[in-house]
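Inspection log for the structure reproduced underneath, given as structure tokens.
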Amino acid sequence: MAKSIYVGNLPWSTTEEQVKALFEEFGKVQSVKLINDRETGRARGFGFVEMEDNDALSAIEKLNNSVYGGRTLKVNEANPRAPKA
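Note that our numbering has the sequence shown beginning at 19, numbered continuously upward.
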């Protein structure tokens, strides 16, 4: 089963291909989605990666608080979005 991983504090210039390459060290990456600002189209510095459970847990453990592009990454299991009130 796939697990969704939150990746935060990415440099704004980071591409989905770069994030995929970073996470592929820990296993097969099913998808990468970086979030852009709706109005400006600029990167917001975070995104989501989907991987198999065991690979995801290993990636979270190794990459959380690691430095990438001069920034300290925040990597953890993504929580489902709360419904809007």
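Glycine is no exception: its CB is placed at the ideal position from the N, C-alpha and C atoms.
Check                                                                                                         : Outcome
Beta-ladder partner(s) of Ala20, from DSSP                                                                    : Glu70
Val85 classed as buried or exposed, judged by whether at least 16 other C-beta atoms fall within 10 angstroms : exposed
Alpha-carbon spacing of Leu91 relative to Arg56, whole angstroms                                              : 23 Å
The stretch 91-100 contacting the stretch 23-34, beta-carbon criterion three pairs below 8 Å                  : yes
Inter-residue Cα distance where the pair is Gln48 and Glu68                                                   : 5 Å
Beta strand (DSSP E) segment containing Leu52, residue limits                                                 : 47-54
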